[in-house]
Each structure stands twice: as C-alpha cells, then as structure tokens.
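Before any comments, here is the structure.
Residue numbers (full-length UniProt numbering): 1 to 318.
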C-alpha cells in the first residue's frame, strides 16, 4: 500500500513539473530575395504588416499548417502542411525555413527547411528580424515623419471594450489625440481606435553632439549576444558533423542575433575550409555591432586572396 501511495505521489509531482515547464519552440522564416510576406498559421494571421524576416516565438504545437501570402500580388501564395517545430524525437526546436524563388518560374516560390538549433532561453534576435509572440497582440505601429523640420510620431491602437458611440478630438501642447468608439447595436462590446500624434522639433545632426561624433554601430545599434547565449550557440555549431551543416547552423544563429568581431572570429575558426570562412565572414557583416573593426577578420585566412576579397566586400558595403 505504501509503495502504491509513493508511486502515485511521484507521478503527480512529475505531472506538475511537466506542466510548469510548458515546452514550446520558435519559428523563423526569411526570404532569400527580400520578398515581403504575411504568414498564416492554422488560419491565424501572424503579422499584419508584411515582413521579409519573421520570427514567431512560443509555439506550443509540434506541427502547423502554414500559408504565406506575398505583398507583391504577382507572386503565388505558398501553402505548407505539417510544418515541423520539433525534431524527429518530438523535442521543440528553434527552427528556420527559407523562402526562395523557383529557378524555372519567377512568380513561384518555395519554403523549405533551412536549419534548427535547441531552444535557447533569453534569445535576442537581430534588429532586422520582426518578432511576434504567438497568441499575443502585436504592438501598435509607430509612424515617424519629418514635416518642415518637425518630427511627427503617429501611433494607432485598437481595443475591444464596452460602451456607446463616442467621438473625441483633443489638441494639447502639440499632441493630437483622436478617439472613435462604435457600437452599432448600442450595447455589448465595441471597437475603440485611438490615434496619437506628437510633434517635436530637432536641431543639429543625429550622432553629432558639438565636436563629438558618436561611433558607428552596426546591427541597428543593438548589443551583442551575452557570453552564456553565445557559448550555447557555439557548442551547437561545434556538434554539427559536417562542414555544410556547421555553416547553415552558424548562419541561422547569426540571422537572429548581433555579434561583436571576436565572437564572429570564434565561429569562423570552426570551419576547416577557407571558402566557408569567407562565406560566413561576408554573411556576418550585417550582424556585427562594430563594423569598423571588421579588418580583424583578415587574420583568419591562410591565403591573402581571401583576406583581400573580404576587404573589398566590406568596402563595397560602406
């Protein structure tokens, strides 16, 4: 009897712990040619504004039916059933799919599996990646315009609430607010849309304060990966058995993170072939927070021709 009770308690604790873990995976989709798209998972629109590099976090199902609609109406939609978020053992992963054009039909595109890595806590995507937390409302779009030397910022939000028909317009201290609430039936839930426009004037040049010039920072001015996250990513790349797999995994890590030059050098030195080092070094340039120090990567090459080619590539991007 005691053994049965003990076993029952162990099972209950295990069940509780499993429920607290709440396993989930992440999905990254990017267009090789920069085509902007809208992703639909299981009939739910993920991003209202078309993107070319999208990350969907905290997906809790192993498979999804996906559909991709492009901003360019001349491009054909992509439908992909049973898009996997787990590996073959059913473990949730951080998965990346790539959209590319069909060589024989320019209006037809394909979405294929690209790479995957284990889910890393506190993963920080690169600045050029649009991130959506699955099942959560997206942040309100912010539009900044320059009008006669004055910056105008407009934010629009929509919420569901209760009430009746109301229209309000306010202008206080250069801040315009418009609120529109509609309830056609006079009761129940209504849609409330709030638009806020603020104005501010700016003088001088951005990044130049007096005689002090701010240093140029790449990757949108974001910080590089923390040592813990970087070491975890580095270990994942090292585990890949083949050179091509290492390169694909390294690019997948880079595509959603910012790195400093030393971190890029550490990854580049994992490759045995010079061509792969050069390929990775070129790919990583856009995700480096200190592009002015990119010359340090010349030291990873045995052949001066590869160092020269990287230097020419960096100069063409400046």
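Every residue gets a Cβ at the ideal spot worked out from N, C-alpha and C, and that includes glycine.
Within this structure, are the beta carbons of residue 284 and residue 300 separated by less than 7 Å?
no
What does a CB cutoff of less than 6 Å around residue 291 pick up in its chain, not counting 5 residues either side in sequence?
218
Are there 16 or more other CB atoms within 10 angstroms of the CB of residue 85, so buried, or fewer, so exposed?
buried
Is DSSP giving residue 77 helix, strand or coil here?
coil
Determine, using beta-carbon pairs with one atom in the segment 109–124 and one in the segment 243–252, whether at least three such pairs fall under 8 Å.
yes
DSSP three-state assignment for residue 256, whether helix, strand or coil:
coil
Looking at the unbroken beta strand (DSSP E) that takes in residue 298, where does it start and where does it end?
Per DSSP, residue 298 belongs to no beta strand (DSSP E) and is neither H nor E.
By a C-beta neighbour count over all protein chains shown, 10 Å radius and 16 as the cutoff for buried, is residue 26 buried or exposed?
buried
Identity of the residues DSSP links to residue 68 by a beta bridge:
39 and 78
Where do the ends of the beta strand (DSSP E) carrying residue 132 lie?
130–133
Under 8 Å Cβ to Cβ from residue 303, same chain only, skipping five residues before and after it: list those, please.
274
Counting C-beta neighbours from all protein chains within 10 Å, is the total for residue 317 16 or more, i.e. buried, or is it exposed?
exposed
Give me, in chain order, the residues of the same chain whose beta-carbon lies closer than 6 Å to that of residue 204; leave out the 5 immediate sequence neighbours on both sides.
The predicted position of residue 204 is uncertain, since its pLDDT is 39 and thus under 50; a value taken from the coordinates is nonetheless stated next. Excluding positions up to five away in sequence, the list is empty.
What residue does the alpha helix (DSSP H) around residue 314 start on, and which one ends it?
304–317
In whole angstroms, what separates the C-alpha of residue 71 from that of residue 99?
14 Å
Should the segment 48–59 be called in touch with the segment 74–83, which here means at least 3 C-beta pairs below 8 Å?
no
Would you check if the distance between the CB atom of residue 64 and the CB atom of residue 83 is smaller than 7 Å?
yes
Roughly how many whole angstroms lie between the Cα atoms of residue 258 and residue 93?
20 Å
Figure out for me which residue from 277, 223 and 228 has the closest Cα to the Cα of residue 289.
223
DSSP on residue 47, reduced to helix/strand/coil?
coil
Taking 7 Å as the cut-off, decide whether the C-beta atoms of residue 111 and residue 134 are in contact.
no
Counterpart residues of residue 98 in DSSP-defined beta bridges
30 and 112
Among the candidates 31, 69, 107 and 278, whose CA atom is the shortest distance from the CA of residue 45?
69
What are the partner residues of residue 57, as DSSP defines its beta bridges?
133
Backbone CA spacing between residue 81 and residue 248 [nearest angstrom]
24 Å
Going along the chain, which residues of its own chain have a beta-carbon closer than 7 Å to the beta-carbon of residue 139, five neighbours each way excluded?
Annotation note: pLDDT 48 at residue 139 (below 50); position unreliable, no value reported.
Is it the case that the Cβ atoms of residue 278 and residue 260 are separated by a distance below 7 Å?
no
Grouping DSSP H, G and I as helix and E and B as strand, with all else coil, what is residue 83?
strand
The alpha helix (DSSP H) with residue 91 in it runs from where to where?
Run containing residue 91: none; DSSP gives neither H nor E here.
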